[in-house]
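For the sequence shown, numbering that gives the first Met the number 0 assigns the number 0 to the initial residue and increments by one for each residue that follows. Every residue gets a Cβ at the ideal spot worked out from N, C-alpha and C, and that includes glycine.
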Amino acid sequence: MLATAQRLQECIGDQDIVARMGEKKFAILLSNIQDLHQVEENAERIHQEISIPFELNGRVVSSNCYIGIVLSTMGYEQPKDLLRAADTAMYYAKLEGIGSSEVFDPSMQQRAIERLELETDLQQAIKYETLHLNYQPIVSLTTGKTIGFEALARWQHRTRIKVSPSEFIPVAEETGLIIPLGEWILREACKQLSLWQDQFPDYSSLSISVNLSGIQLNQPQLIDQIDQICTMLELSGANLKLEITESVLVDNASVATTILQKLKDRNIQLCIDEFGTGYSYFPYLDLPIDILKIDRYFINKEFPNGKNLPTVEAIVNLAKKREIKVIAEGIETQEQK
């Protein structure tokens, strides 16, 4: 942290102050500031400096930061109020991703309170199992028959009409609640599949697909957790599909191969979700993958007449050569089939 403090000091003027506020947190007091643009230039300079790898104790170390900005013209009389505002802005910078800066706005305070309430409510919803699963059918284009279902978590909030997964899943991932939530989804989805198999013996080959986050992939207990659920429900691994996005594979490349192979050894089918949405996908085809799931972005209203057809054809042909199955999201018309 001393090295980081020194690098921060090099980014600012002689009259400015750098103070360490916590284990991984610094406050910078800039003087002689004329306007917001000048502050944002300072923030960009800090981002660039901090992102440069440096040597520490004989090792090359990389770092990054998030910056929350608040102006003294906001009218705060107490330093602690100014720091609280900067901290709130930094939280919103974290939501934007690595290397982001955010300028404090009074509305952030209310949004931060709402987000904390959402986190608390989600924790209770997981504890008392008040969420539910929707099951989206997966249909074979060759036979027209349903061959499986994808389990999707839904939340009917106690005071709000409905909370979108795009809202509560990121909160779960940021807070670690994705671990108990993911376990509940996996258990409930497998329980439902087991029930269907008992009720409809002729459909014993049905599969259930469950999404797996990067945090879950890194969880040491993941394999044991899956083994316990399958054993308890007498469910074959061949009936379970786990969907992992390309971004998760990028962020967890060092552990992905080992974990995926352990899952593959249990006959669990592995699917790359949102395939082709921004990463170079060729390296992932060497992993023990069974299915590629083409993102619905490519299957738009114009498909198959639009610009995305060559991309979809390339993915399908590539998958065929490697004997990998393909699922396309968003197919709704006969023409798209």
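Self-check item: Buried or exposed by the 16-neighbour rule on C-beta atoms within 10 Å, applied to Ala237
Solution: For the purposes of this step, residue 237 is taken as residue 238 along the sequence shown, with counting starting at 1. Per the 10 Å Cβ criterion, exposed.
Self-check item: Limits of the alpha helix (DSSP H) - the one that Gln224 falls within
Solution: By one-based count along the sequence shown, residue 224 stands at place 225. Per DSSP, Gln224 belongs to the alpha helix (DSSP H) from 221 to 232.
Self-check item: Cβ-based burial, Gln260 [other Cβ within 10 Å; buried from 16]
Solution: The residue given as residue 260 occupies position 261 in the sequence shown. The residue is exposed, with fewer than 16 neighbouring Cβ atoms inside 10 Å.
Quiz item: If Gly143 and Leu205 are in contact, beta carbons under 8 Å, what's the gap, nearest whole angstrom?
Solution: Within the sequence shown, numbered from 1, the residue matching residue 143 stands at position 144. Within the sequence shown, numbered from 1, the residue matching residue 205 stands at position 206. Gly143 to Leu205, Cβ: 15 Å. No contact.
Quiz item: What is the C-beta distance between Ile137 and Ser208, in whole angstroms, given that I count them as a contact (C-beta under 8 Å)?
Solution: Locating residue 137 in the sequence shown gives position 138, where the first residue counts as 1. Locating residue 208 in the sequence shown gives position 209, where the first residue counts as 1. With 8 Å as the limit, Ile137 and Ser208 qualify as a contact, their Cβ atoms being about 7 Å apart.
Practice problem: Report the three-state DSSP secondary structure of Leu132 (helix, strand or coil). | Solution: One-based indexing of the sequence shown puts residue 132 at position 133. It is a strand residue.
Quiz item: Between Ser99 and Tyr65, which are expected to be in contact by the criterion C-beta below 8 Å, what is the C-beta distance as a whole number of angstroms?
Solution: Position 100 of the sequence shown, counted from the first residue, corresponds to residue 99. Position 66 of the sequence shown, counted from the first residue, corresponds to residue 65. So it is a contact: roughly 6 Å between Cβ atoms.
Quiz item: What is the residue span of the alpha helix (DSSP H) that Val315 lies within?
Solution: Counting from 1 along the sequence shown, the entry for residue 315 is found at position 316. Where Val315 is concerned, the enclosing alpha helix (DSSP H) stretches over 308 to 320.
Quiz item: Pick from Asp15, Arg19, Glu9: whose alpha carbon is nearest that of Met0?
Solution: The residue labelled residue 0 in the question sits at position 1 within the sequence shown. The residue with the shortest Cα to Cα distance from Met0 is Arg19.
Quiz item: Would a C-beta distance cut-off of 7 Å place Val30 and Asp13 closer than the cut-off?
Solution: Residue mapping note: residue 30 aligns to position 31 of the sequence shown, counting from 1. Residue mapping note: residue 13 aligns to position 14 of the sequence shown, counting from 1. Sequence inspection shows Ser at residue 30; the Val mentioned does not correspond to that position. Their beta carbons are not under 7 Å apart, which means Ser30 does not touch Asp13 by this criterion.
Exercise. Taking the CB atoms as reference points, tell me whether Phe274 and Ile293 lie closer together than 7 Å.
Key: For the purposes of this step, residue 274 is taken as the residue at position 275 of the sequence shown. For the purposes of this step, residue 293 is taken as the residue at position 294 of the sequence shown. Yes; because the gap between Cβ atoms is below 7 Å, this pair is in contact.
Quiz item: Can you tell me whether Lys319 is buried or exposed, with buried defined as 16 or more other CB within 10 angstroms of its CB?
Solution: If you number the sequence shown from 1, residue 319 lands on position 320. The residue is exposed, with fewer than 16 neighbouring Cβ atoms inside 10 Å.
Quiz item: Mind checking whether Leu291 and Arg321 have CB atoms under 7 Å apart?
Solution: As a working mapping, residue 291 is identified with position 292 in the sequence shown. As a working mapping, residue 321 is identified with position 322 in the sequence shown. Result no, Cβ atoms of Leu291 and Arg321 do not sit closer than 7 Å.
Quiz prompt | N- and C-terminal bounds of the alpha helix (DSSP H) containing Val69 | solution = For the purposes of this step, residue 69 is taken as residue 70 along the sequence shown, with counting starting at 1. Run containing Val69: none; DSSP gives neither H nor E here.
Self-check item: C-beta neighbour in chain C for Asp289, strict 7 Å
Solution: Absent from the structure: chain C. Only one protein chain is present.
Self-check item: In DSSP terms, what Gln268 is bridged to
Solution: By 1-based counting over the sequence shown, the position of residue 268 is 269. According to DSSP, which records beta bridges pairwise, Gln268 is partnered with Lys240.
Quiz item: For Ile11, does the three-state DSSP call read helix, strand or coil?
Solution: Looking up residue 11 in the sequence shown gives position 12. Coil at Ile11, not helix or strand.
Self-check item: Helix, strand or coil at Met89 according to DSSP, with G and I counted as helix
Solution: Locating residue 89 in the sequence shown gives position 90, where the first residue counts as 1. In the structure shown, Met89 sits in a helix (DSSP, three-state: H, G or I).
Practice problem: Using three-state DSSP, classify Arg114 as helix, strand or coil. | Solution: Within the sequence shown, numbered from 1, the residue matching residue 114 stands at position 115. Reduced to three states, the DSSP call for Arg114 is helix.
Practice problem: Go ahead and label Ala152 buried or exposed: buried means 16 or more other beta carbons lie within 10 angstroms of its beta carbon, across all protein chains shown. | Solution: On the sequence shown, residue 152 is found 153 positions in, with the first residue counted as 1. Buried: at least 16 other Cβ atoms inside 10 Å.
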